[in-house]
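Engineer:
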Amino acid sequence: LVGLGVFLLWFGWFGFNGGSTLAANETLGPILANTQLAGAAGVMGALLAMRLARQPLYLTTAVNGGLGGLVAITAGCATMTAPFAILSGLLGGVIAALGSRLLLRFRLDDVVDAVSVHAFCGVWGTVAAGLFFTGDLFNPERIIVQLIGVVAAFAWSFPVALLSFKLIDRIWGLRVNAIHERRGLDISEHYETGYPEFQTDLSNRGFESLPESQPQRATTIA
Numbered sequence: 333l334v335g336l337g338v339f340l341l342w343f344g345w346f347g348f349n350g351g352s353t354l355a356a357n358e359t360l361g362p363i364l365a366n367t368q369l370a371g372a373a374g375v376m377g378a379l380l381a382m383r384l385a386r387q388p389l390y391l392t393t394a395v396n397g398g399l400g401g402l403v404a405i406t407a408g409c410a411t412m413t414a415p416f417a418i419l420s421g422l423l424g425g426v427i428a429a430l431g432s433r434l435l436l437r438f439r440l441d442d443v444v445d446a447v448s449v450h451a452f453c454g455v456w457g458t459v460a461a462g463l464f465f466t467g468d469l470f471n472p473e474r475i476i477v478q479l480i481g482v483v484a485a486f487a488w489s490f491p492v493a494l495l496s497f498k499l500i501d502r503i504w505g506l507r508v509n510a511i512h513e514r515r516g517l518d519i520s521e522h523y524e525t526g527y528p529e530f531q532t533d534l535s536n537r538g539f540e541s542l543p544e545s546q547p548q549r550a551t552t553i554a
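In our numbering, the protein residues as written are 333 to 554.
1) If you draw a straight line from the alpha carbon of GLY377 to that of ILE475, how long is it in whole angstroms?
2) May I have the straight-line CA-CA distance separating ALA385 from PHE452, to the nearest angstrom?
3) Among the candidates LEU517, LYS498, GLY481 and THR458, whose CA atom is the shortest distance from the CA of GLY400?
4) With a threshold of 7 angstroms (Cβ to nearest heavy atom), would TYR390 be considered close to the ligand FAD?
5) Contact check, VAL375 vs GLY397 under 8 angstroms by CB: the rounded distance?
6) To which residues of the same chain is ALA407 closer than 6 angstroms at the C-beta, ignoring the five residues directly before and after it?
7) Pairing CB atoms from the region 333-347 with CB atoms from the region 365-374, are three or more of them under 8 angstroms?
8) Can you grab the Cα-Cα spacing for the pair HIS450 / THR392, in whole Å?
9) Have a look at GLY361 and GLY371 and give me their C-alpha separation to the nearest angstrom.
10) Please tell me whether VAL395 and GLY335 are closer than 8 angstroms, where the distance is taken between their beta carbons.
11) In three-state DSSP terms, what is ASN349?
12) What does the alpha-carbon distance come out to for the pair GLN387 and ALA355?
13) What are the uninterrupted segments assigned as alpha helix (DSSP H) that are 4 or more residues long and contained completely in the region 420-468, given in chain order?
14) Taking just the CA atoms, how far does LEU506 sit from PHE497?
15) Can you give the Cα-Cα distance for THR359 and ALA410, rounded to whole angstroms?
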C-alpha cells in the first residue's frame, strides 16, 4: 500500500510539474524527463546514504527518497538540464534520508517524514533552482533571491502554524496521553502495528495490557 500510494503521487507529479507550463510547448518534454530522472535519482540517493551509514534499507527509505527527489526538482524542473536534475534529485534523496534520522535523534515525531521530505528537500530544491539555472549557473545573486524566498516562506508559515497549533491545543488538546504515545496510535486506535520494521519490543510499551477484543481509543489532554 505504501508503494502504491507513492506511485500515485509520482504519477501525479507529471501533471503537477508539466501542467505548470500552461501550454503544450517545447519545454514540456524536458520538464517531464527531469521530473522522472530526479525522482529515480532520489531513490538511489536515499538508499546510498543509508548504505554508507550502515543502516538497514527499508521500502520507506526508498519511497521517501523518491519523493524527496521529486520535491527537489519541482522548483527547477523547467530551468535545469538533465544532469543537474539528476544531481538535484540525488541530493534530495540523501537529504530526505538523513533528515529523517536527524529528527529521530532529536526525538521529534514525524511518522510520514513530511518535514524531511517536503521541508528539508523543499529548501534544497528552491536553492538548487537558482544554483543550476541553465545559462546562468552558480550565480550568487540568483541564489540569494532563492534564499530570500525560503526565508519568506518560513517567516509566514511557521508563525501561522504555531499560532494555529497553540489555539487547537488550548481549546481541544493536541497531544495524546503518554501511554498512547508509547504504544503508538496505530495500536491504541486500530489495534494494529504501523511500520512493523521499526517495532522492536511492543511489550515494553504497554501492548500486552490492551484488551484483545476492543482497541483502546486515544484521548487528548488540554
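The beta-carbon is built from N, C-alpha and C at its ideal position, and this holds for glycine as well.
Structural biologist: So, from the data block:
1) 23 angstroms
2) When rounded, the distance between both Cα atoms is 19 angstroms.
3) THR458
4) The ligand FAD is absent from the structure shown, which contains no ligand whatsoever.
5) About 5 angstroms; that satisfies the 8 angstroms criterion.
6) GLY457, THR458 and ALA461
7) yes
8) 15 angstroms
9) One C-alpha to the other measures close to 16 angstroms.
10) Taking C-beta atoms as the reference points, VAL395 and GLY335 count as a pair closer than 8 angstroms.
11) helix
12) 44 angstroms
13) Correct list: 453-463.
14) The straight-line gap from Cα to Cα measures roughly 7 angstroms.
15) 7 angstroms
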